[in-house]
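Residue numbers (the numbering used here): 252 to 690.
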């Protein structure tokens, strides 16, 4: 049995507003070609098909087209819902499309009902475990294996937390495998398993700080196809994350993306081979002074990349983003960390204690652009505060006239509030969160 393990497509997602639809379409083209060339029997998609609970229409169309083409290429397709997906929406019509060879597994109560595949060595039972939000699904999980006199629902409920609900799920699946005579079994799950390494683009699914589940929860299966973490990684020879097909944050700049080709033998042993994903556009992080970045030949190879740039000039350059984009048209993030900049661990309240409004404002301007305010700018700030006090009815010195420069007809000088991009972490690429989600 030859299976292709994928996950975390996140169709409809962008990267700091950069359109990734062409890259996602190219990835689906790649999957179809792999299915044909490698004679894949089943494609496994372990959650987060979409990036949002209500995905954009073009993402839905892209998904439908991809699933149809994978099926036409000869593979059955088994899909589970992740924490980014809306399980009811993704699973709509699942009983109807089962007959077409595309299996949507989104219901917690059905997780111990496998998709049964077969090869010359006999049956293979594939169990699709959707993302299990602990408190939302505790009442929906199958009853524990073994006798349960009186069916006391309260007594049957699994322990709270991710480990509790996934342990119950695995127990029910193992019981079904045993009832089928110990057939070869594959489990799909969307979870954070201990030992897995996270990145910045995954939503936190922890509850009270506890989100990871022990790897031992998945003992006893021929192979476990995991989703949720975006880095391709191996926790055990039979327990793996395929990772996302594209980098969805700059923390993934060093990732090598791909899927796993899993071949199950007659005895249930798995031979696993990495299948690299096509690279759409490389991600890199550059750091240096603006003049060096704009002129040095050392940066030639980054000109076509998606970039996050950190400027280290002692004074914030004007028009930094526009100037960078003349050489690097795909700069997405710009941050400013001046060399020798003073750090500080004091809180905001401690930093402003004992300072008047004008001093705080002047220090803020100096902090933002790494150069002190000019006398004219100080006069502007003083006038603005005076005007605000009068508008608020606060008592001020009666003999002080409002400076003529307090409300100028033009905006502040360009250098007063320089244009800059927020640091990467300021606007995370998330949308459509389910309760308690991460990625």
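Beta carbons: idealized from backbone N, C-alpha and C, even for Gly.
| query | result |
| --- | --- |
| Segment contact, 8 Å Cβ cut-off, at least three pairs: the region 445–453 with the region 487–503 | yes |
| Reference residue 480; option with closest CA among 448, 345, 510 | 448 |
| For residue 474, three-class secondary structure by DSSP | strand |
| Collapsed DSSP secondary structure at residue 252 in the structure displayed | coil |
| Local Cβ density within 10 Å of residue 257, reported as buried at 16 or more and exposed below that | buried |
| Given residue 322 as reference, the closest of 291, 311, 341 once Cα atoms are compared | 291 |
| Residue 627 to residue 550 span [Cα, whole Å] | 39 Å |
| At least 3 beta-carbon pairs within less than 8 Å: the region 580–593 vs the region 622–638 | no |
| For residue 396 and residue 416, the rounded distance between their alpha carbons | 14 Å |
| Run of the alpha helix (DSSP H) containing residue 386, from where it starts to where it stops | 385–388 |
| Expected contact under 8 Å - CB spacing of residue 393 and residue 360 to nearest Å | 6 Å |
| Beta carbon of residue 330 nearer than 9 Å to that of residue 358 | no |
| Contacts around residue 309, its chain only, beta-carbon distance under 8 Å, and the 5 residues preceding and following it disregarded | 263, 272 |
| Reduced DSSP secondary structure (H/G/I, E/B, other) of residue 497 | coil |
| Check: residue 375 C-beta below 8 Å from any heavy atom of the ligand HEM | No copy of the ligand HEM appears in this structure; indeed no ligand is present at all. |
| Reduced DSSP category for residue 483 - H, G, I as helix; E, B as strand; rest coil | coil |
| Unbroken alpha helix (DSSP H) run spanning residue 615, endpoints | 608–620 |
| Nearest-angstrom Cβ-Cβ length linking residue 366 and residue 325, presumed shorter than 8 Å | In fact, because the Cβ distance is near 16 Å, the residues do not count as touching under 8 Å. |
| Those runs of the alpha helix (DSSP H) which lie wholly inside the region 330–393 and span at least 4 residues | 338–341, 345–348, 385–388 |
| Burial state of residue 569, where buried means 16 or more other Cβ atoms lie within 10 Å | exposed |
| For residue 279, the residue or residues it bridges with in DSSP | Beta-bridge pairing links residue 279 to no other residue. |
| Top-ranked residue by Cα proximity to residue 278, from 553, 533, 528 | 528 |
| Length at least 3, wholly inside the region 263–310: the beta strand (DSSP E) runs in chain order | 293–297 |
| According to DSSP, residues forming a beta bridge with residue 492 | 477, 484 |
| Straight-line gap, residue 613 to residue 565 (C-alpha atoms, nearest Å) | 18 Å |
| Strand pairing of residue 257, partner residues [DSSP] | 296 |
| Coarse secondary structure for residue 569, derived from DSSP in three states | coil |
| Neighbour-count burial assignment, residue 494, 16 or more Cβ in a 10 Å radius | buried |
| Classification of residue 343 by the beta-carbon crowding that lies within 10 angstroms, buried from 16 upward | exposed |
| Sub-9 Å separation of residue 408 and residue 435 beta-carbons | no |
| Outcome for residue 577 when other beta-carbon atoms lying within 10 angstroms are tallied against a minimum of 16 | exposed |
| Status (buried if at least 16 other CB within 10 Å, exposed otherwise) for residue 615 | exposed |
| Endpoints, the beta strand (DSSP E) within which residue 587 is located | 582–587 |
| Residues near residue 370 in its chain [Cβ-Cβ closer than 6 Å; skip 5 each side] | 252 |
| Residues bridged to residue 441 (per DSSP) | 478 |
| Under the three-state DSSP convention, the category residue 554 falls into | coil |
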